[in-house]
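Enquirer: Using our numbering, you'd call the opening residue of the sequence shown number 71 and step up by one each time.
Yeah, the Cβ is synthetic: ideal placement off N, Cα and C, and Gly gets one too.
Supplied in structure tokens, the structure appears directly below.
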Amino acid sequence: MPQRAMISLEKRPRYRLLDGPTPIQRLARLERALGLAESSGIYVKRDDLMGLGGGGSKLRKLEFLVGDALEQGCDTFITTGARQSNHARLSAAAAAHAGLACELVLTDTVPREDEAYRHNGNVLLDQLFGATVHRQPGDVDALTVARRRAAELIAGGRRPYIVGAGGSSPIGCLGYAACACEIVRQEQELGLRFGRIVVPNGSSGTHAGLAAGLKALGHDASRVTSFSVLASVDRARETTIQLAGQALDLIDPDRPFTDGEIAVSGGQLGAGYGIPTAAMLDTVRLVARTEGLLFDPVYGGKAFAGLLDAMRSAAWAGDGPVLFVMTGGLPGLFAYEPTFRPEEPAA
Ligand SMILES: *Cc1c(COP(=O)(O)O)cnc(C)c1O
């Protein structure tokens, strides 16, 4: 397959929320602390560095989701998530920026009742961005509640736009297909090729979008490895394959995925979504102390623990430099403040 540097996303409605490409940086101090060979460099793509709403990966998806909502003439953005959802917070920020009303259906899926989790972090920011929050028990189907609310709004003459958890619709995935183009361009500028591109996998749109983008460019989509932080590994893989196929259909329907191109690991999930692991705690502390960089406890901390484990055990030896996509989620650290108290063991 010939390789391309661009794919046709120009025709898609897009509401710009990023200021430009996010930087790629090498973590040389961390490499030295791990005693790694020069050839197996660890690089990060700083998708936590974005100007709007505290930044993070969801803004890439929201460029296409908000673009679609505006194109359809909608006036209210409705979405769902767990109580400390980064996607909900960034939806509220993006909606404020685009002049849309925002309503969030947030479920108590994570078994935490402490003050920090209930009120700090993303919850504080949702309120500052002016979103209307509909809080629900953990066992409620949030999308059904969202649809009911949308029906009420329509009856009142409003035009709602509904997005599911994580913004991982095929249109949302286009944000990470665009990111794949950005990474390939940066590889050319840096004069290197990442043997692996590592991401957390929650609602699977980040992995699916990157895979679709690489595939459409004629690159090897199996370069992307994700660590599930939400679903069982089988379910996460299934969702990722399905979403990647749907996203690819939107940009290049003539190149279907083949078996084995989507690599998902379940090794860092622990007891479940939003439940801390000892490896996550060690990882967040190690990277903060060696590099001054921050991972969140729900996504980046767990996925980067998987990367460190693979580096230490030389599981990816010979693959060349590795790129980890830092997806943001800093407010999550404040929501988990009790977990990071030095005297407390991992909850
Ligand atoms: C949502 C999120 C992810 C996971 O992305 P998905 O597309 O849902 O798999 C990773 N990191 C952070 C900080 C997130 O908020």
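(1) In the DSSP assignment, the alpha helix (DSSP H) including C243 goes from what residue to what residue?
(2) Under the three-state reduction of DSSP, which class applies to D184: helix, strand or coil?
(3) Is any heavy atom of ligand 1 found at a distance shorter than 8 Å from the C-beta of P270?
(4) If we require 3 or more residues per run, which beta strand (DSSP E) segments fall completely within the segment 153-231?
(5) With a CB to CB cut of under 7 Å and the five nearest residues on each side skipped, what residues in its chain are close to F134?
(6) Just how far apart, CA to CA, sit A384 and D352?
(7) Quick one: residues in its chain with C-beta nearer than 8 Å to the C-beta of L260, no 5 flanking neighbours on either side, listed in chain order?
(8) Which value, in whole angstroms, describes the spacing of the CA atoms of L140 and R293?
(9) What are the start and end residues of each continuous alpha helix (DSSP H) run of 4 or more residues lying completely inside the segment 360-403, in chain order?
(10) Under a three-way DSSP split, which group does S298 fall into?
(11) Please return the same chain residues whose Cβ sits closer than 6 Å to the Cβ of P230, not counting the five positions on each side in sequence.
(12) What does DSSP give as the partner residues of I148 in its beta bridges?
(13) Could you give the first and the last residue of the continuous alpha helix (DSSP H) run that contains R307?
(14) So does the segment 334-347 actually touch the segment 301-311, counting three or more Cβ pairs closer than 8 Å?
(15) Using beta-carbon positions only, say whether A152 and V180 come within less than 9 Å of one another.
(16) Tell me which residue opens and which closes the beta strand (DSSP E) that A278 is part of.
(17) Among P91, L88, A107, which one has its Cα closest to the Cα of G390?
(18) Leaving out five residues on either side along the sequence, give the residues of the same chain with a beta carbon under 6 Å from the beta carbon of G340.
Expert: The relevant details are as follows:
(1) Residue mapping note: residue 243 aligns to position 173 of the sequence shown, counting from 1. 240-260 is the span of the alpha helix (DSSP H), which, as asked, contains C243.
(2) Start at 1 with the first residue of the sequence shown, and residue 184 comes out as number 114. Three-state result, D184: coil.
(3) As a working mapping, residue 270 is identified with position 200 in the sequence shown. Yes, the Cβ of P270 comes within 8 Å of a heavy atom of ligand 1.
(4) 171-178, 202-207
(5) Start at 1 with the first residue of the sequence shown, and residue 134 comes out as number 64. So the qualifying residues of the chain are R82, R84, I241, G242, L244, G245.
(6) In the sequence shown, counting from the first residue as 1, residue 384 sits at position 314. In the sequence shown, counting from the first residue as 1, residue 352 sits at position 282. If I take the Cα positions, the gap works out to 19 Å.
(7) Residue numbering aside, residue 260 sits at position 190 when the sequence shown is read from its first letter. Same-chain partners within the cutoff: I94.
(8) Indexing the sequence shown from 1 puts residue 140 at position 70. Indexing the sequence shown from 1 puts residue 293 at position 223. Distance between the alpha carbons of L140 and R293: 34 Å.
(9) 370-382
(10) For the purposes of this step, residue 298 is taken as residue 228 along the sequence shown, with counting starting at 1. DSSP places S298 in strand when its eight states are reduced to three.
(11) Residue 230 sits at position 160 when you count from the first residue of the sequence shown. Contacts found: T146, I148, A220, L223.
(12) Counted from its first residue, the sequence shown places residue 148 at position 78. In the DSSP output, where bridge partners are listed per residue, I148 has E173, I232.
(13) Translated into positions along the sequence shown, residue 307 becomes position 237. Where R307 is concerned, the enclosing alpha helix (DSSP H) stretches over 303-321.
(14) yes
(15) Counting from 1 along the sequence shown, the entry for residue 152 is found at position 82. Counting from 1 along the sequence shown, the entry for residue 180 is found at position 110. In this structure, V180 lies closer than 9 Å to A152 by Cβ.
(16) Counting from one through the sequence shown, the residue named residue 278 turns up at place 208. Premise fails: A278 lies in the alpha helix (DSSP H), 275-286, not in any beta strand (DSSP E).
(17) On the sequence shown, position 320 is the one that residue 390 refers to. Ranking the options by Cα distance to G390, first place goes to A107.
(18) The residue you call residue 340 lines up with position 270 of the sequence shown. So the qualifying residues of the chain are T347.
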